[in-house]
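Report on the structure given below.
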Amino acid sequence: MIARRTLLKWSLLGATASQFALPALPANAAGDKRTRWIFLGTKGGPRVTAGRSNPANVLLVDNEPYVVDCGPGVSKRLAEAKIPLPSIRYVFVTHLHSDHVIEYGNMIYGAWSAGLDHEVDAFGPVGLDALTRSFWEQNRADIEIRIPDESKPDPRKLLVVKEIEASGPVMSNPRVKVSAFRTPHPPILEKNYAYRFETPNGVIVYACDTAYNPELAKFAAGADLLIISCPATIPRSPTKCGSRAPASIMQVPSSSHATSWNLSCSLSS
Ligand SMILES: [Zn+2]
């Protein structure tokens, strides 16, 4: 298990590190089937720049990839992490801000073009199904040429979208159980979800973009690793909890994002 202080440190680092692959959680009884969380992109917002990539992550359990958010660059980052695109089995989208989902379709297309031959389950808020259909329609000409020409399966049948309409269990298999928790990210109030991954090696909660929400602490209770994005402009050394937040923090548009200051205080209390 990971010390809570380390957990807090990692949650803060996640906001600013370029690429930050966490050390592996402890190996399970088999000794060779690790659970790993890899940050593929930590730069917030839709602008694409050199250096840090936009929001995307992958959880590896027994080498099975669970992609979490699909910002610009996710396919390339997966390749750089040596995770074959056709090995993707699950996709989780937290919300439909473009920096979290704009490469979702291209990533699945890339997996298909490289040999994807199994079902991929994609979970996300209401709207993900329409987005998926729109992607297939945009690429219909290409897909319908390649299916007979390259003897490929129909990718539209391989990708199964499961929209989430409320907090609660999302999926489970013999190794991983996933549940979702609705958390506000103004102006997105309902279609934004944190995910809790219960793995053989520990529990990981990914909250991503969220306003400060004390209820999230209950959802994350007992987690070994909690990941929340914070605006990088906020000082990472909070003042004494219980005092007023520094003026520099109060000026940040924190209504849509939690700050490292209020997270630090809530986690340490
Ligand atoms: Zn967002």
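Quick note: the sequence shown uses my numbering, first residue 1012, plus one each step.
C-beta: ideal position from N, C-alpha, C; glycine also.
- Tell me Asn-1068's beta-bridge partners as DSSP assigns them. As DSSP reads the structure, Asn-1068 sits in a beta bridge with Phe-1050, Val-1079.
- Message: Output needed for Ala-1028: all residues of its chain with C-beta closer than 8 Å, excluding positions within five of it in sequence on either side, in chain order.
- Response: Residue placement at Ala-1028 is poorly supported in this model, since its pLDDT is 36, which falls under 50; the coordinates are not used for a value here.
- Query: Excluding the five sequence neighbours on either side, which residues of its own chain have a C-beta within less than 6 Å of the C-beta of Met-1182, listed in chain order?
  - Reply: In chain order, Val-1189 place their CB closer than 6 Å to the CB of Met-1182, counting only its own chain and leaving out the 5 sequence neighbours on each side.
- Message: Can you tell me whether Glu-1174 is helix, strand or coil according to DSSP?
- Response: Glu-1174: strand per DSSP, three-state reduction.
- Message: Measuring only from the beta carbon, is Asp-1110 closer than 8 Å to any heavy atom that is part of ligand 1?
- Response: Flag set: Cβ of Asp-1110 near ligand 1.
- Message: Considering just the uninterrupted stretch of the alpha helix (DSSP H) at Tyr-1120, what are its terminal residues?
- Response: Tyr-1120 -> alpha helix (DSSP H) spans 1115-1124.
- Message: Count Cβ pairs between the region 1160-1172 and the region 1124-1137 that sit closer than 8 Å; are there 3 or more?
- Response: Yes, since at least three Cβ pairs between the region 1160-1172 and the region 1124-1137 fall closer than 8 Å, the two stretches touch.
- Query: Can you tell me the Cα-Cα spacing of Gly-1116 and Phe-1208, whole angstroms?
  - Reply: C-alpha of Gly-1116 to C-alpha of Phe-1208: approximately 23 Å in a straight line.
- Query: Given 8 Å as the limit, is there contact between the region 1074-1083 and the region 1093-1109, that is, 3 or more CB pairs closer than that?
  - Reply: Taking a cut-off of 8 Å for Cβ pairs, the region 1074-1083 and the region 1093-1109 touch, as three or more such pairs fall below it.
- Query: Should Ala-1205 go down as buried or exposed, given a rule of 16 or more other Cβ atoms within 10 Å for buried?
  - Reply: Classification for Ala-1205: buried.
- Query: With a CB to CB cut of under 7 Å and the five nearest residues on each side skipped, what residues in its chain are close to His-1196?
  - Reply: The answer, listed in chain order, is His-1106, Asn-1203, Asp-1220, Thr-1221, Ala-1222, Ser-1267.
- Message: Using a Cβ distance threshold of 8 Å, determine whether the region 1062-1073 contacts the region 1083-1095, with at least three qualifying pairs required.
- Response: Cβ pair count under 8 Å is three or more, so yes.
- Please name the residue or residues paired with Gly-1135 in a DSSP beta bridge. Answer by DSSP bridge pairing, in chain order: Glu-1174.
- Can you tell me whether Glu-1148 is buried or exposed, with buried defined as 16 or more other CB within 10 angstroms of its CB? So Glu-1148 ends up on the exposed side.
- Query: Mind checking whether Leu-1236 and Val-1214 have CB atoms under 9 Å apart?
  - Reply: Yes, these two residues count as a Cβ contact at 9 Å.
- Examine ligand 1 and report whether any of its heavy atoms sits within less than 8 Å of the Cβ of Ile-1199. Because some heavy atom of ligand 1 lies under 8 Å away, the Cβ of Ile-1199 counts as near it: yes.
- Message: Once DSSP output is grouped into helix, strand and coil, what is the label at Val-1187?
- Response: Coil, per DSSP.
- Query: What number of angstroms, rounded off, separates the C-alpha of Glu-1086 from the C-alpha of Thr-1046?
  - Reply: Reading off the sequence, residue 1086 comes out as Ser, not Glu. About 21 Å.
- Going by CA-CA distance only, name the one from Arg-1157, Ala-1090, Gly-1179, His-1111 that's closest to Pro-1076. That would be Ala-1090, whose Cα lies nearest to the Cα of Pro-1076.
- Start-to-end residues for the beta strand (DSSP E) that takes in Ala-1218: In the DSSP assignment, Ala-1218 falls within the unbroken beta strand (DSSP E) covering 1213-1219.
- Using only the heavy atoms of ligand 1, determine whether one of them is closer than 8 Å to the beta carbon of Ser-1267. Answer for Ser-1267: yes, Cβ within range of ligand 1.
- Query: In whole angstroms, what is the alpha-carbon distance linking Pro-1249 and Val-1137?
  - Reply: Legend: pLDDT at Pro-1249 = 49, less than 50; position of this residue unreliable, no value from coordinates given.
- Between Pro-1057 and Ser-1109, is the Cβ-Cβ spacing less than 9 Å? Yes, the Cβ-Cβ distance between Pro-1057 and Ser-1109 is below 9 Å.
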